[in-house]
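Residue numbers (my numbering): 223 to 399.
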């Protein structure tokens with residue numbers, strides 16, 4: 223079974239996934255545009271401050287690209303945006319670690335500062351939380367489509383009991399076949 227097949231496209235969790243991608247994507251898009259408007263050096267290792275974060279032209283273009291991908295995912299919705307949030311969230315976490323090691327070095331081609339590293343960690347965790355919401359956990363409710371897909375036998379028993387109860391059978395037991 224593939225993860226993206228477990229959730230119906232119109233499930234209420236899709237709104238959570240879309241909101242996360244839309245909010246982060248919008249911020250990244252605005253941040254990238256503001257960085258380009260300042261006409262900063264494209265690969266400057268120190269970067270210029272924009273919206274409290276250090277940036278250069280390369281980071282601005284990358285922010286716009288990732289912002290557009292997240293906004294496109296939010297527009298598409300469904301399981302796709304959930305998976306996209308998780309993947310991009312992991313990318314932000316990895317970026318935070320890599321760029322932490324590059325601060326103050328000539329290899330800092332994105333002009334990261336410590337505020338950018340913290341931002342990468344926070345945004346990575348936020349995106350992963352939005353992407354995994356209602357999808358991962360030990361106490362998912364039994365009406366959750368992810369729980370039902372992982373516990374097909376128990377879900378079938380519960381569904382049979384619900385149907386039997388709806389037909390008025392005593393104790394919600396399904397009739398014997």
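Glycine is no exception: its CB is placed at the ideal position from the N, C-alpha and C atoms.
1) With a floor of 3 residues, list each beta strand (DSSP E) that falls wholly inside the stretch 265-328, ordered by position along the chain.
2) I think residue 288 touches residue 310, with their Cβ atoms under 8 Å apart; what is that distance to the nearest whole Å?
3) Can you tell me whether DSSP reads residue 340 as helix, strand or coil?
4) Quick check on residue 253: does DSSP put it in helix, strand or coil?
5) Anyone know if the C-beta pair for residue 281 and residue 247 falls short of 8 Å?
6) CB residue 244 to CB residue 263, shorter than 8 Å?
7) With a threshold of 8 Å on Cβ separation, who are the neighbours of residue 223 within its own chain once the five nearest residues in sequence on each side are excluded?
8) Nearest by alpha-carbon distance to residue 290: which of 385, 336 and 253 is it?
9) Cα-Cα, which of 272, 374, 276 and 386 is closest to residue 330?
10) Are there three or more Cβ pairs, one per stretch, closer than 8 Å when the stretch 233-243 is compared with the stretch 296-304?
11) Could you check the C-alpha separation between residue 270 and residue 339 for me, to the nearest Å?
12) Taking the straight line between their C-alpha atoms, what separation do you get for residue 387 and residue 374?
13) Can you look up residue 207 in the DSSP assignment and give me helix, strand or coil?
14) Counting C-beta neighbours from all protein chains within 10 Å, is the total for residue 349 16 or more, i.e. buried, or is it exposed?
Based on what the coordinates show:
1) Those beta strand (DSSP E) runs which fall completely within the stretch 265-328 and span 3+ residues are 270-272 and 275-277.
2) Against the chain shown, residue 288 aligns to sequence position 66. Against the chain shown, residue 310 aligns to sequence position 88. That pair is a contact at about 7 Å.
3) Along the chain shown, read from residue 1 onward, the residue named residue 340 stands at position 118. Residue state for residue 340 is assigned as helix, using DSSP reduced to three classes.
4) Taking the chain shown and counting its residues from 1, the one referred to as residue 253 is at position 31. Residue state for residue 253 is assigned as helix, using DSSP reduced to three classes.
5) Counting from one through the chain shown, the residue named residue 281 turns up at place 59. Counting from one through the chain shown, the residue named residue 247 turns up at place 25. Not closer than 8 Å, so no.
6) Walking along the chain shown from the start, residue 244 turns up at place 22. Walking along the chain shown from the start, residue 263 turns up at place 41. 8 Å or more divides the Cβ of residue 244 from the Cβ of residue 263.
7) For the purposes of this step, residue 223 is identified with residue 1 of the chain shown, where counting begins at 1. Any reading at residue 223 needs caution, since the residue's pLDDT is 44, under 50, leaving its predicted position unreliable; the model's value is listed next. Correct list, in chain order: 371.
8) One-based indexing of the chain shown puts residue 290 at position 68. Looking at 385, 336 and 253, the one whose alpha-carbon comes closest to that of residue 290 is 253.
9) Here residue 330 refers to the residue found at position 108 of the chain shown. The candidate whose alpha carbon is nearest that of residue 330 is 276.
10) In short, these stretches touch, since the Cβ pair count reaches three.
11) Mapped onto the chain shown, residue 270 falls at position 48. Mapped onto the chain shown, residue 339 falls at position 117. So the alpha carbons of these two residues sit roughly 15 Å apart.
12) Working through the chain shown from its first residue, we reach residue 387 at position 165. Working through the chain shown from its first residue, we reach residue 374 at position 152. Distance between the alpha carbons of residue 387 and residue 374 is about 20 Å.
13) The requested residue 207 is not part of the displayed model; the chain covers only 223 to 399.
14) Locating residue 349 in the chain shown gives position 127, where the first residue counts as 1. So residue 349 ends up on the buried side.
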